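Visitor: Right, I'll just put the structure down here and ask away after.
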Amino acid sequence: MADFSSLGLSDWLVRQCEQLGINKPTPVQEHCMPAILQGRDCLGCAKTGSGKTAAFVLPVLQKLSEDPYGIFCLVLTPTRSLAYQIAEQFRVLGKPLGLKDCIIVGGMDMVSQALELSNQPHVVVATPGRLADHIRSSNTFSMSKIQFLIMDEADRLLEQGCTDFTKDLETIMGILPAKRQTLLFSATLTDTLQELKKIAMNQPYFWESKTRTVEELDQRYILTPEKVKDAYLVHLIQTFTDQHDDWSIIIFTNTCKNCQIITMMLREFNFPTISLHSMMKQKQRFANLAKFKASVYKILIATDVAARGLDIPTVQVVINHNTPGIPKIYIHRVGRTARAGRNGVSITLVTQYDIHLVHSIEEQTQTKLKEYPVEEKEVLKILTQVNVTRRECEIKLESTDFDEKKEINKRKQLILEGKDPDLEAKRKAELEKIKGQKKLFKQKIQESIQRQKHGQLKKKLMKRKQMKKKKAQYNNITAAGS
Ligand SMILES: Nc1ncnc2c1ncn2[C@@H]1O[C@H](COP(=O)(O)OP(=O)(O)OP(=O)(O)O)[C@@H](O)[C@H]1O
């Protein structure tokens with residue numbers, strides 16, 4: 003197996019890695035780093051927790067040390083917490099260089115960010131929305147000479163999901179030089195490969211790991227009716243916390259509201275629980291994440307804002323409270339455990355309506371999920387108590403302004419996207435009306451087709467009856483004649 007020196011990494015960087023316990027390159031590092039050092043574009047698709055960050059940070063630092071200037075490298079990433087995590091890796095590995103980095107994410111003060119940008123940091127780590135805002139509103143910095151553009155979780159950046167980065171990416175690409183190295187990384191690149199190749203055009207080196215999830219991850223499921231889900235959840239957490247002192251658990255939920263309710267419910271059962279979702283203020287999100295990382299709280303309830311990239315070594319268990327509808331999301335969620343060669347377990351709560359989702363997850367990951375054994379009797383014992391507690395939490399949450407806040411957040415988001423919230427609401431209502439009318443129209447057509455079919459069938463049957471009658475009469479006549 004290669005070592006970092008034989009991949010072309012300078013001694014100072016090899017020493018820096020050793021100090022952090024990074025002694026041998028992982029496969030993605032072994033394959034991608036030489037190509038990057040040779041000046042090629044690179045697309046790296048490797049399993050979660052396999053060291054993709056260092057695979058791009060190390061060669062960038064090496065090149066930067068040969069010709070240091072600012073702004074040398076731009077890293078784009080879909081979430082704010084990931085931006086902080088990546089910047090930290092640059093800072094720690096690049097310490098001997100006196101590296102100047104700058105984090106540009108939403109929810110933080112724009113003026114101080116603008117000042118930092120104008121100070122020509124070596125590396126800028128940003129979420130697209132906020133960086134595009136800076137580009138549109140100021141001319142105090144230039145990215146026309148960057149050497150490296152890196153897109154971490156590149157497939158997410160190109161996806162048109164709930165946060166669509168397309169316009170912001172166009173703005174950013176508009177100020178970047180054509181002559182640059184472009185490095186794209188994710189655990190799930192293949193769906194967007196063609197689009198990505200349009201961004202990384204400089205003879206891109208493509209490397210993909212054979213499997214999607216790591217061997218060290220024990221992937222399990224529990225088949226449960228929707229109403230028993232929470233009882234299973236409480237039972238699982240009780241068992242894990244009884245058995246292990248030093249374990250942390252991440253529970254993924256489908257909505258911010260559900261995330262909040264489950265957090266409240268688990269607290270009622272005295273579990274040290276904290277939440278992370280997009281309706282929380284940025285400072286609160288960072289504070290909660292820091293408390294979870296420091297093991298002040300052992301259980302993190304999160305929406306998919308935490309599904310990608312977060313690197314928290316103590317996480318031993320990931321529980322999917324809902325079965326993700328998209329296998330890609332499953333891969334990133336369960337990848338929060340079993341990182342860097344450690345073991346971990348993921349448990350997905352599956353209702354009878356989600357079985358087809360499990361099949362597509364199994365197809366994508368080429369892994370068969372195994373059933374997680376649970377003492378059903380124990381779960382049924384706590385079922386009523388858990389469901390009553392949940393209902394109480396729901397009522398408590400309804401008495402707060404959670405839904406109102408959600409509405410306000412939605413309006414804020416629309417304003418930030420340059421849209422008029424009232425006009426959007428009107429447009430949405432009109433669309434709904436049209437959809438309703440279309441549905442009704444379709445229904446009516448179908449009814450009329452049914453009626454027609456019914457009528458035709460009736461006619462056919464009548465005709466057949468008449469023919470039968472005539473035939474019988476004819477038979478009678480011919481029988482009488484003979
Ligand atoms: N060569 C190495 N040897 C040991 N540990 C490593 C090595 N390279 C990186 N690591 C560590 O592995 C952990 C996971 O790395 P990283 O966060 O870069 O994973 P990733 O592949 O980007 O995962 P994800 O797809 O979830 O974002 C980090 O804590 C990192 O310090």
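First residue of the sequence shown? That's 3 in the numbering used here, and the numbers climb one at a time after it.
Glycine residues also receive a C-beta, built at the ideal position from the N, C-alpha and C atoms.
On a predicted model such as this, the values are computed, not experimentally measured, just so you know.
(1) Taking only three categories from DSSP, how would you classify Glu449?
(2) Which partner residues does Ile239 have in the DSSP bridge list?
(3) Report buried or exposed for Asn447, applying the criterion of at least 16 other Cβ atoms within 10 angstroms of its Cβ.
(4) My output table needs one value for Ile328: the three-state DSSP class, helix, strand or coil.
(5) Check whether the Cβ atoms of Met110 and Gln284 lie closer than 8 angstroms to each other.
(6) Fully enclosed by the region 238-284, which alpha helix (DSSP H) runs are 4 residues long or longer?
(7) Quick one: grab the DSSP three-state call for Ser348.
(8) Taking DSSP as the reference, what is the three-state secondary structure of Arg222?
(9) According to DSSP, is Phe294 helix, strand or coil?
(10) Considering only residues of the region 162-209, which uninterrupted alpha helix (DSSP H) runs meet the minimum length of 4 residues and lie entirely inside it, listed in chain order?
(11) Return the first residue and the last residue of the alpha helix (DSSP H) that Asp157 is part of.
(12) From this set, Glu380, Glu378, Val360, which residue's C-alpha is nearest Leu371's C-alpha?
(13) Thinking just about the alpha-carbon of each residue, which of Glu373, Val381, Glu400, Ala340 is nearest to the one in Thr50?
(14) How would you call His358, buried or exposed, if buried means at least 16 neighbouring beta carbons within 10 angstroms?
(15) In the region 94-159, which residue ranges form an unbroken alpha helix (DSSP H) of at least 4 residues, counting only runs that do not cross its ends?
(16) Going by alpha carbons, who is nearest to Arg182 out of Ser7, Val16, Leu39, Thr402?
(17) If you draw a straight line from the alpha carbon of Gly100 to that of Ala89, how long is it in whole angstroms?
(18) Would you kindly work out how many angstroms separate the C-alpha atoms of Arg214 and Cys47, rounded to a whole number?
(19) Determine the DSSP secondary structure at Ile88, reduced to helix, strand or coil.
(20) Which residue marks the beginning of the beta strand (DSSP E) containing Leu312, and which one marks its end?
(21) Please name the residue, chosen from Met469, Asn478, Asp232, that lies closest to Leu382 on a Cα-to-Cα basis.
(22) Just list the residues that DSSP pairs Glu373 with in beta bridges.
(23) Between the region 77-92 and the region 138-156, can you find at least three pairs of beta-carbon atoms closer than 8 angstroms?
(24) Report the residue from Leu238, Lys97, Leu160 whose alpha carbon sits nearest the alpha carbon of Ser67.
(25) Mind checking which residues open and close the alpha helix (DSSP H) that includes Gln64?
(26) For His456, count neighbouring Cβ atoms within 10 angstroms of its own Cβ and tell me buried if that reaches 16, exposed if not.
(27) May I ask whether a heavy atom of ligand 1 can be found less than 7 angstroms away from the beta carbon of Thr81?
(28) Kindly examine ligand 1 and report whether one of its heavy atoms sits closer than 7 angstroms to the Cβ of Ser52.
(29) Look at Gln18 and Val59 and say whether their C-beta atoms are less than 8 angstroms apart.
(30) Taking 7 angstroms as the line, does the beta carbon of Lys26 fall inside it for any heavy atom of ligand 1?
(31) Ligand 1 and Pro315: does the residue's C-beta get closer than 7 angstroms to at least one heavy atom of that ligand?
(32) Tell me the residue span of the alpha helix (DSSP H) that contains Val230.
(33) Spatial neighbours of Leu186 within its chain, please: C-beta separation below 6 angstroms, excluding the five flanking residues on both sides.
(34) Return yes when the Cβ of Ile264 is within less than 8 angstroms of the Cβ of Thr255, no when it is not.
(35) Taking just the CA atoms, how far does Ser83 sit from Thr369?
Guide: Walking through what the data contain:
(1) By 1-based counting over the sequence shown, the position of residue 449 is 447. Three-state DSSP puts Glu449 in a helix.
(2) Numbered from its first residue, the sequence shown carries residue 239 at position 237. Answer is none; Ile239 lacks a bridge partner.
(3) Sequence index remark: in the sequence shown, residue 447 carries index 445 (1-based). The amino acid at residue 447 is misidentified as Asn; the sequence shows Ile. With fewer than 16 Cβ atoms within 10 Å of its Cβ, Ile447 is classed as exposed.
(4) Locating residue 328 in the sequence shown gives position 326, counting from the first residue. It is coil, neither helix nor strand.
(5) Mapped onto the sequence shown, residue 110 falls at position 108. Mapped onto the sequence shown, residue 284 falls at position 282. Yes, they are a contact pair.
(6) 258-270
(7) Locating residue 348 in the sequence shown gives position 346, where the first residue counts as 1. Reduced to three states, the DSSP call for Ser348 is strand.
(8) Here residue 222 is taken as the residue at index 220 of the sequence shown, counted from 1. Reduced to three states, the DSSP call for Arg222 is strand.
(9) Within the sequence shown, the letter at position 292 stands for residue 294. DSSP places Phe294 in helix when its eight states are reduced to three.
(10) 168-177, 195-201
(11) Taking the first residue of the sequence shown as 1, we reach residue 157 at position 155. Note, Asp157: alpha helix (DSSP H), 156-160.
(12) In the sequence shown, residue 371 corresponds to position 369, counting from 1. Nearest C-alpha to Leu371: Val360.
(13) The sequence position of residue 50 within the sequence shown is 48, counting from 1. That would be Ala340, whose Cα lies nearest to the Cα of Thr50.
(14) In the sequence shown, residue 358 corresponds to position 356, counting from 1. His358 should be labelled exposed.
(15) 112-120, 130-139
(16) Translated into positions along the sequence shown, residue 182 becomes position 180. The option with the nearest alpha carbon to Arg182 is Leu39.
(17) Here residue 100 is taken as the residue at index 98 of the sequence shown, counted from 1. Here residue 89 is taken as the residue at index 87 of the sequence shown, counted from 1. Taking the straight line from one Cα to the other gives about 13 angstroms.
(18) Residue numbering aside, residue 214 sits at position 212 when the sequence shown is read from its first letter. Residue numbering aside, residue 47 sits at position 45 when the sequence shown is read from its first letter. Distance between the alpha carbons of Arg214 and Cys47 is about 9 angstroms.
(19) Taking the first residue of the sequence shown as 1, we reach residue 88 at position 86. Reduced to three states, the DSSP call for Ile88 is helix.
(20) The count along the sequence shown starts at 1 and reaches residue 312 at position 310. Unbroken run through Leu312: none, as it is neither H nor E.
(21) As a position in the sequence shown, residue 382 is number 380, starting the count at 1. Closest by alpha carbon: Asp232.
(22) The count along the sequence shown starts at 1 and reaches residue 373 at position 371. Paired residue(s): Tyr223.
(23) yes
(24) Stepping through the sequence shown from its first residue, residue 67 is reached at position 65. With distances taken between Cα atoms, Ser67 lies closest to Lys97.
(25) Within the sequence shown, the letter at position 62 stands for residue 64. Gln64 -> alpha helix (DSSP H) spans 54-68.
(26) Sequence index remark: in the sequence shown, residue 456 carries index 454 (1-based). Exposed, because fewer than 16 other Cβ atoms sit within 10 Å of the Cβ of His456.
(27) The residue you call residue 81 lines up with position 79 of the sequence shown. Not under cutoff, so the answer is no.
(28) Mapped onto the sequence shown, residue 52 falls at position 50. Yes - ligand 1 has a heavy atom lying nearer than 7 angstroms to the Cβ of Ser52.
(29) Taking the first residue of the sequence shown as position 1, residue 18 is located at position 16. Taking the first residue of the sequence shown as position 1, residue 59 is located at position 57. No, the pair does not count as a contact, with Cβ atoms beyond the cut-off.
(30) In the sequence shown, counting from the first residue as 1, residue 26 sits at position 24. Yes.
(31) Position 313 of the sequence shown, counted from the start, is the residue given in the question as residue 315. Correct: Pro315 has its Cβ closer than 7 angstroms to ligand 1.
(32) Residue 230 sits at position 228 when you count from the first residue of the sequence shown. Note, Val230: premise wrong, no alpha helix (DSSP H); not H, not E.
(33) The sequence position of residue 186 within the sequence shown is 184, counting from 1. These residues qualify, in order along the chain: Leu45, Met153, Ala156, Leu198, Ala202.
(34) Residue numbering aside, residue 255 sits at position 253 when the sequence shown is read from its first letter. Residue numbering aside, residue 264 sits at position 262 when the sequence shown is read from its first letter. Yes, the pair counts as a contact, with Cβ atoms nearer than the cut-off.
(35) The residue labelled residue 369 in the question sits at position 367 within the sequence shown. The residue labelled residue 83 in the question sits at position 81 within the sequence shown. Computed Cα separation, rounded: 30 angstroms.
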